[in-house]
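Just below is one structure, and these are the notes that go with it.
Protein chains: 2
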Amino acid sequence: MVWPPYEELLSRHGETEGVTLDINADRYRESFEAYSEIGATANDGLHRLALSEADRTVRDRFVDDLEALGLDVRVDEVGNVFGRRDGTDPDAEPVLIGSHLDSQPYGGRFDGQLGVLTALETMRTLVDSDVDHRRPIEIVNWTNEEGSRFKPALMGSGTFVGEFDVEETLAATDADGTTVEEALEEIGYRGTEPCEPREGIHAYLELHVEQGPKLEERDRSIGIVEGIFGMAWLEATIRGESDHAGPSPMHARQDALVAATDVVSGVRRLSNRLANDVVTTVGEFEVSPGSINVIPDKVEFTIDVRSYDDDVVAELVDRVDAELDAACAREGTTYELEELWRIPHTEFAESVREAVLKSAQARDASHVEMVGGAGHDASYLNDITDAGMMFVPSVDGKTHNEAEFTEWDDAIAGARVFADTTRRLAR
Amino acid sequence: MVWPPYEELLSRHGETEGVTLDINADRYRESFEAYSEIGATANDGLHRLALSEADRTVRDRFVDDLEALGLDVRVDEVGNVFGRRDGTDPDAEPVLIGSHLDSQPYGGRFDGQLGVLTALETMRTLVDSDVDHRRPIEIVNWTNEEGSRFKPALMGSGTFVGEFDVEETLAATDADGTTVEEALEEIGYRGTEPCEPREGIHAYLELHVEQGPKLEERDRSIGIVEGIFGMAWLEATIRGESDHAGPSPMHARQDALVAATDVVSGVRRLSNRLANDVVTTVGEFEVSPGSINVIPDKVEFTIDVRSYDDDVVAELVDRVDAELDAACAREGTTYELEELWRIPHTEFAESVREAVLKSAQARDASHVEMVGGAGHDASYLNDITDAGMMFVPSVDGKTHNEAEFTEWDDAIAGARVFADTTRRLAR
Numbered sequence: 000m001v002w003p004p005y006e007e008l009l010s011r012h013g014e015t016e017g018v019t020l021d022i023n024a025d026r027y028r029e030s031f032e033a034y035s036e037i038g039a040t041a042n043d044g045l046h047r048l049a050l051s052e053a054d055r056t057v058r059d060r061f062v063d064d065l066e067a068l069g070l071d072v073r074v075d076e077v078g079n080v081f082g083r084r085d086g087t088d089p090d091a092e093p094v095l096i097g098s099h100l101d102s103q104p105y106g107g108r109f110d111g112q113l114g115v116l117t118a119l120e121t122m123r124t125l126v127d128s129d130v131d132h133r134r135p136i137e138i139v140n141w142t143n144e145e146g147s148r149f150k151p152a153l154m155g156s157g158t159f160v161g162e163f164d165v166e167e168t169l170a171a172t173d174a175d176g177t178t179v180e181e182a183l184e185e186i187g188y189r190g191t192e193p194c195e196p197r198e199g200i201h202a203y204l205e206l207h208v209e210q211g212p213k214l215e216e217r218d219r220s221i222g223i224v225e226g227i228f229g230m231a232w233l234e235a236t237i238r239g240e241s242d243h244a245g246p247s248p249m250h251a252r253q254d255a256l257v258a259a260t261d262v263v264s265g266v267r268r269l270s271n272r273l274a275n276d277v278v279t280t281v282g283e284f285e286v287s288p289g290s291i292n293v294i295p296d297k298v299e300f301t302i303d304v305r306s307y308d309d310d311v312v313a314e315l316v317d318r319v320d321a322e323l324d325a326a327c328a329r330e331g332t333t334y335e336l337e338e339l340w341r342i343p344h345t346e347f348a349e350s351v352r353e354a355v356l357k358s359a360q361a362r363d364a365s366h367v368e369m370v371g372g373a374g375h376d377a378s379y380l381n382d383i384t385d386a387g388m389m390f391v392p393s394v395d396g397k398t399h400n401e402a403e404f405t406e407w408d409d410a411i412a413g414a415r416v417f418a419d420t421t422r423r424l425a426r
Numbered sequence: 000m001v002w003p004p005y006e007e008l009l010s011r012h013g014e015t016e017g018v019t020l021d022i023n024a025d026r027y028r029e030s031f032e033a034y035s036e037i038g039a040t041a042n043d044g045l046h047r048l049a050l051s052e053a054d055r056t057v058r059d060r061f062v063d064d065l066e067a068l069g070l071d072v073r074v075d076e077v078g079n080v081f082g083r084r085d086g087t088d089p090d091a092e093p094v095l096i097g098s099h100l101d102s103q104p105y106g107g108r109f110d111g112q113l114g115v116l117t118a119l120e121t122m123r124t125l126v127d128s129d130v131d132h133r134r135p136i137e138i139v140n141w142t143n144e145e146g147s148r149f150k151p152a153l154m155g156s157g158t159f160v161g162e163f164d165v166e167e168t169l170a171a172t173d174a175d176g177t178t179v180e181e182a183l184e185e186i187g188y189r190g191t192e193p194c195e196p197r198e199g200i201h202a203y204l205e206l207h208v209e210q211g212p213k214l215e216e217r218d219r220s221i222g223i224v225e226g227i228f229g230m231a232w233l234e235a236t237i238r239g240e241s242d243h244a245g246p247s248p249m250h251a252r253q254d255a256l257v258a259a260t261d262v263v264s265g266v267r268r269l270s271n272r273l274a275n276d277v278v279t280t281v282g283e284f285e286v287s288p289g290s291i292n293v294i295p296d297k298v299e300f301t302i303d304v305r306s307y308d309d310d311v312v313a314e315l316v317d318r319v320d321a322e323l324d325a326a327c328a329r330e331g332t333t334y335e336l337e338e339l340w341r342i343p344h345t346e347f348a349e350s351v352r353e354a355v356l357k358s359a360q361a362r363d364a365s366h367v368e369m370v371g372g373a374g375h376d377a378s379y380l381n382d383i384t385d386a387g388m389m390f391v392p393s394v395d396g397k398t399h400n401e402a403e404f405t406e407w408d409d410a411i412a413g414a415r416v417f418a419d420t421t422r423r424l425a426r
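In C-alpha cells form, the structure reads like this:
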C-alpha cells in the first residue's frame, strides 16, 4: 500500500492537546542501568537467554515493579507476562505496549529491554501523574523473542496470535533437550492464563532499537516504522567426497567446501539485485569432517534473504537454488535446499503510524518513516490488532553484540513520544 | 635429483637369483581380515585411534604374532614395537620393515595396517621357509602415524629419528587432556627401550596404499616411490564485525565469511599454478558466531599446500598471504596467517628404489615410478638411513574414509615384491 503524505495525516487529526505525558528521565535511566546488571557480561553486554536463571531474575524484578504500581499481573501458559491498568471505560478494548527481556548470547543491553522499560516508564508516569485514560493499558514482556536458546524466534508473540500451537511451543527443546515447559516450571513462569488470540485488543505499540545505521546516518531520533521486511530462511547441504589432501589430484576432487564457497559468493552478489533493499547473509556454516588434510565432503549452511517485496523474496529463493545448481555442477557435488521459514512483509496499521507521527510532531522530535529489516513481536501482533513500532537509533548500527548502544538523548526522546502515543491510542 | 633410467639400474644389478620368497597369500588375507575386526566400523572401515583400547587390542595381537615366530620383541619409550630376527652375520646392520596400525577416525582398513601385515607375512615366510639372510631383519609398528588423536602426525617415527623430543612427545595431549605418556601406560605400551636415532640401520622399507588414483589410472600394481611432496600447513584467522542480518545494509558490512570464501576460491585457483603438481586444500573451517541471522565476525581455517618442489611450496605460502590480503581489503576485514608446519620434500634412497624395481621386474609385476603426496613414516626414516616405499593401488584413489579399498590381487602382487625386496636388502 502507499502511505498518505504527512500533511494529509495532520489534516485528519489536528488536535495535540491532552495527550502529552512527562516521563521521569532519571528514573527511566536508573531502571535501565539496574535491569542491565541482571545477566551483565564483562564487556557491558547482556547474556540473558530465554528462561535462564538470569531471565528468572529479571522477570521477578519486572513483576515486582508492576505490582508496586498496583497493576493486575498475569502470566500465560508460555510465560508471557502482562500487567494491566484499567481505563475509565470498563467496556473499552485495551492498548498493549511492550517488548522482550531476553537477549542474544553475549548480546546488547538495548535490544528488547529498552522497549520493555520504555513501556514501564510510561506506566509509572501514568500512575504517578494519576492520569486517566479511557482504554485499559497493558504492558507485556514476550517470552523468547530472540530464538537463541529455543527455536523458533518470536515464540511468545507467535503463540499469542495463534501462529504457533501452544503444545508445540511447550515441547520445543534447547540444545540440552530441556523443553520450554520444563524451563518455564523451573523458573516459575508456567502461568495459568490461556495463550490464545485474544479478541478485542485496540492496538499494540512497541519501541525498539533500529539495529541498523539509517537513523544515525540521517541524524533522526525516531523512526516511524512503516513495516518489516519479508524474509526467507534456507538451509543448504552440499555433499562431495572426502579424500586425502595430498595424493588426490585436483581433477579428481569433489570438494564440498569449494562448491559452498562459490555459493556464498553468489549469495553475496544477489544483494541489491532485483530490488535495492535486498540483503543476503550466510550465517551458519558447518564443514565436515573438518580435518586439516582431508578434503571436505559436506557443508551445511544457512541463507537469509530479505526484501520488503514478497515477490522479490520468492525470486531470491529461486536464485539461491540456481547458485547451488551451478556451483555443484562445476565441482561435481550434489545438494539439497530446504526452506526453514518464510514470513511475508508486515505493513503496520495506519492508525498507529499516524499516532506516532502526531506525537513526534507535537514534541518536535526529529523523525523519519522507514522500513525495518529485523523480525519483531509487533509483526505477529499485527495479525490480530492494529500494531505499530517506533525505532530509536543504534550507534554504528550495531546490534546482537555487546557493543550495541543508543545515546540517552535519543532514548529519552523516543520514550517521550512513546508515552504520548500510548496515551493518544488509549483515549 | 634426476633418476637414472630403468635400463641403467638393471645393468648395474643384473642378478635375480636367490632373492625370491614365496608368501602364503591365504594366510596374508586371513590375517588382514582378522586384524580388521579390531576397531571395525559398521561400514567396513576402521576406527582405531592411536593408544585407544582398540589400539591396545591390535598391538597385543601383533606382539603375540611376533612372539609366535620366535622374534625378539621390544617396545620403546613412545610405544614403537619392534620384532627382530637375527641374520647370519652378527655384525651386519639390520633392515627395518613396517608401517603403522593406528587409523583415522572412521578411516579405512588398508592405510598403515596393510604395510604392517605385509611385513608380518614377510617375517612368517622367512621363518616358515627357514630362509637365512645375512642381515638381521626387524619389523616395526610406529606409534600414532595419523596424528588424529594426538598431534603431531608421524609421532613415533619422528621421535625415533630425533625430529621430536621424547619428553615433548610424551607430554602431547588429546582433546580430553590425556597425555601420550598416560595413554601409553593405560594400554601397557610405555616401553623401556630408549627412543632415539639408532646408529647403523642398513635400510628401511614400507609398503602403503597409494591413497591417490594414479596407479589405477595407469593400470599398474606397484608404485616405486621416488619421493614425497614437500608441504606447508597454514592457519588463517579473518576478523570482521558481527551484526544483524536484517537491518544491516550491505555497504556497512565486514563479513568475515564473505572474505574467507574469497580466499578459499583463491586457494583453489593456486592449484596447478607454478608447477603442475601443486595441490591445495582448505580442510578445517570454523565460522563464528554461527547464527542464522548474524553476520559472521570470525572465520578460522587451514590451508594445506603441496608440491615436490620446495621453492614452489614457499611461493605458495606467499601467494596464500596475498589472497588473504586482497580479500580482506575488499571486505574491510583483517587477518592473521600462521605457519603451523612445513616439511621439505623427501627423496628416497636410490639403493632401496633399485631393489624394489629389480624385484618387481623379476616378478613381472606391473609398476611405475611415482611421487607420493602424503606424509609417511618412511620420510622421517630417510633422515637416518636409506629409506624407500612401495605403493599398491587405492580403488578410486579413496583414503581416510571407510570406503578405502585395494584389490587383493594388487595387495598380493605388492606383498610378493615387498618380501623379495626385503630379502634382497638383507643379503
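Protein sequence lines correspond, in order, to chains D and E.
For the record, in the first sequence the residue sitting at position 411 is 410 according to numbering that gives the first Met the number 0, with numbers rising by one throughout.
For the record, in the second sequence the residue sitting at position 155 is 154 according to numbering that gives the first Met the number 0, with numbers rising by one throughout.
We put the beta carbon where it would ideally sit given N, CA and C, even for glycine.
Item                                                                                                                                                                        : Value
Let me see if you follow: with CB-CB separation under 8 Å, is Glu-322 of chain E close to chain D or not?                                                                   : no
Checking the sheet assignment: what are the DSSP bridge partners for Asp-54 of chain D?                                                                                     : DSSP lists no partner for Asp-54 of chain D.
For His-99 of chain D, is the classification buried or exposed, using 16 other Cβ atoms within 10 angstroms of its Cβ as the cut-off for buried?                            : buried
What do you get for Pro-442 of chain E, buried or exposed, if any count of 16 or more other CB atoms within 10 angstroms of its CB means buried?                            : Chain E is shown from 0 up to 426; residue 442 of chain E falls before or after that span and cannot be answered.
Just the Cα atoms here: how many angstroms apart are Glu-285 of chain D and Asn-140 of chain D?                                                                             : 34 Å
For Trp-407 of chain D, count the other beta carbons within 10 Å of its own beta carbon; 16 or more makes it buried, fewer makes it exposed. Which is it?                   : exposed
Extract the residue ranges of the beta strand (DSSP E) inside the segment 350-392 of chain D, only unbroken runs of 3 or more that lie entirely within it.                  : 366-371 and 385-391
Which one of E:Asp-43, E:Val-18, E:Pro-104 and E:Leu-70 has the shortest CA to CA distance from Val-293 of chain D?                                                         : E:Pro-104
Can you name the residues of chain E whose CB is closer than 8 Å to the CB of Met-122 of chain D?                                                                           : In chain order: nothing, as chain E lies at least about 28 Å away.
Only counting the same chain, and skipping five residues up and downstream in sequence, which positions put a Cβ closer than 7 Å to that of Gly-331 of chain D?             : Gln-253
Using Cβ-Cβ distances below 9 Å, what residues of the segment 229-248 of chain E are close to chain D?                                                                      : Met-230, Trp-232, Glu-234, Glu-240, Ser-241, Asp-242, His-243, Ala-244, Gly-245, Pro-246, Ser-247 and Pro-248
State the beta-bridge partners of Asp-309 of chain D as determined by DSSP.                                                                                                 : For Asp-309 of chain D, which the question treats as bridged, DSSP gives no partner whatsoever.
Indicate whether at least one CB of chain D lies closer than 8 Å to the CB of Leu-206 of chain E.                                                                           : no
Taking the beta carbon of Arg-423 of chain D as the centre, do at least 16 other beta carbons fall within 10 Å, making it buried, or is it exposed?                         : buried
Provide the residue span of the beta strand (DSSP E) that contains Glu-335 of chain E, from first to last.                                                                  : 333-342
Is the segment 289-309 of chain E close to the segment 211-219 of chain E, with three or more CB pairs under 8 Å?                                                           : no
Would you decide whether Arg-133 of chain D is buried or exposed? Buried here means 16 or more other CB atoms lie within 10 Å of its CB.                                    : exposed
In angstroms with no decimal places, state the Cα-to-Cα distance between Ala-258 of chain D and Arg-329 of chain D.                                                         : 8 Å
As a quick exercise: from D:Glu-346, D:Leu-273, D:Ala-359 and D:Ser-290, pick the residue whose alpha carbon is nearest that of Asp-317 of chain D.                         : D:Leu-273
Given a threshold of 16 other Cβ atoms within 10 Å of its Cβ, counted over all protein chains shown, does Glu-184 of chain D qualify as buried or as exposed?               : exposed
Let me make sure I understand the geometry here. Which of D:Gly-211, D:Gly-222, D:Glu-299 and D:Ala-231 has the alpha-carbon closest to that of Gly-239 of chain D?         : D:Glu-299
Ignore the nearest five residues each way along the sequence and tell me which others in Thr-405 of chain E's own chain have a CB closer than 8 Å to its CB.                : Phe-109, Leu-113, Val-208, Val-391, Pro-392, Ser-393 and Val-394
Output the distance between the C-alpha atoms of Val-77 of chain D and Phe-159 of chain D, rounded to the nearest integer angstrom.                                         : 9 Å
Taking CB distances under 8 Å as the criterion, tell me whether Trp-2 of chain D reaches chain E.                                                                           : Bear in mind that the predicted position of Trp-2 of chain D carries a pLDDT of just 38, short of 50, making it unreliable; the figure below should be weighed with that in mind. So, not an interface residue.
Compare the C-beta of Ser-290 of chain D against all C-beta atoms of chain E and say whether one is closer than 8 Å.                                                        : yes
The alpha helix (DSSP H) with Arg-73 of chain D in it runs from where to where?                                                                                             : Arg-73 of chain D -> not in any alpha helix (DSSP H); beta strand (DSSP E) instead, spanning 71-74.
Give me the chain E residues within the contact set of Ile-294 of chain D, using Cβ-Cβ distance strictly less than 8 Å, ordered along the chain.                            : Thr-280 and Gly-282
Are Gly-229 of chain E and Ala-326 of chain E touching if we call contact CB-CB under 8 Å?                                                                                  : no
Using a Cβ distance threshold of 8 Å, determine whether the segment 82-100 of chain D contacts the segment 19-28 of chain D, with at least three qualifying pairs required. : no
Looking at the C-beta of Ser-264 of chain E, does it have a partner C-beta in chain D at a distance below 8 Å?                                                              : yes
Just checking: is the beta-carbon of Gln-360 of chain D within a distance shorter than 8 Å of some beta-carbon in chain E?                                                  : no
Quick one: what's got a C-beta closer than 6 Å to Ser-220 of chain D's C-beta in the same chain, skipping five residues either side?                                        : Ala-364, Ser-365, Asp-409 and Ala-412
For the putative contact between His-243 of chain D and Thr-398 of chain E, defined by C-beta atoms under 8 Å, what is the C-beta separation to the nearest angstrom?       : 5 Å
Chain D beta carbons: is any one of them nearer than 8 Å to that of Glu-209 of chain E?                                                                                     : yes
Mind pulling the chain C residues with CB within less than 9 Å of Thr-405 of chain E?                                                                                       : Of the protein chains in this structure, namely D and E, none is chain C.
Would a check of beta-carbon distances place Pro-427 of chain E closer than 8 Å to chain D?                                                                                 : What the structure shows of chain E is the stretch from 0 to 426, and residue 427 of chain E is not part of that stretch, so it cannot be assessed.
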